[in-house]
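Trainee: Dropping the structure in here first, questions after.
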Amino acid sequence: IAPFSFVSSSMPFLSLPNSISEIGVCAFYAAAISSLEIQGRIECVWTQAFSTSSIISLRFAGGVKEIANLAFANSNLQEIYLSEGLEIIGESAFAGSSLQEIYLPEGIRLIGMRAFADSSLQKIYLPEGLEIIGDYAFAGSDLREVRIPAGMKVTGAGVFQNCRNLRKVVWTRGDGGVH
15 IAPFSFVSSS MPFLSLPNSI SEIGVCAFYA AAISSLEIQG RIECVWTQAF STSSIISLRF
75 AGGVKEIANL AFANSNLQEI YLSEGLEIIG ESAFAGSSLQ EIYLPEGIRL IGMRAFADSS
135 LQKIYLPEGL EIIGDYAFAG SDLREVRIPA GMKVTGAGVF QNCRNLRKVV WTRGDGGVH
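The working numbering applies: residue 15 is where the sequence shown begins, and numbers increase by one.
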């Protein structure tokens, strides 16, 4: 989808075919779309592709490899389905969004700086294989509980800063136990 294609457009539902391989810069910026389903494998959801949109539900049926900086920032996104193949979530990708829960698939390597900062996120599944969580990734979010996988290599500064509802952080060990 070319950059700026659906800026400020309005439609209740949209389904995109297998031939779509990327979602351009600001493609759905400020768009009023309730639900979107993408059938094909997406290489990248580019910068601000859905920023400030009123999208509520998004399904990447064929998977997505990268979610770029600010892709869903300040959007009304509440539900997202991500299948295997996601490797990178960019800086501030979901910052300020309405997303409350996300299941990250195996294979993700990086969650960028401020990726979920100041969002409504309450619950997240961080899979084994995740290597880096950037600075302030969850700062100011509504996160309540998180499990950190054993293979984590780098956790940035202030990752959980100002998470006033955070009650439990569990760091798993390599043998399946917890710290």
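Glycine residues also receive a C-beta, built at the ideal position from the N, C-alpha and C atoms.
In angstroms with no decimal places, state the Cα-to-Cα distance between residue 87 and residue 43.
Mentor: 10 angstroms
Trainee: If you reduce the DSSP assignment to three classes, tell me which class residue 155 lands in.
Mentor: coil
Trainee: How would you label residue 120, buried or exposed, when you count the other beta carbons within 10 angstroms and need 16 or more for buried?
Mentor: exposed
Trainee: Which residue's Cα is closest to the Cα of residue 159: 113, 150, 167 and 177?
Mentor: 177
Trainee: Grab the span of the beta strand (DSSP E) containing residue 59 for me, first residue to last.
Mentor: 56-59
Trainee: Taking residue 26 and residue 48 to be in contact with their CB atoms under 8 angstroms, please state how far apart those CB atoms are, rounded to whole angstroms.
Mentor: 5 angstroms
Trainee: Could you check what DSSP says for residue 167 in three-state terms: helix, strand or coil?
Mentor: coil
Trainee: Ignoring anything shorter than 3 residues, give me the beta strand (DSSP E) runs that lie fully in the stretch 46-86, in order along the chain.
Mentor: 46-52, 56-59, 71-74 and 78-81
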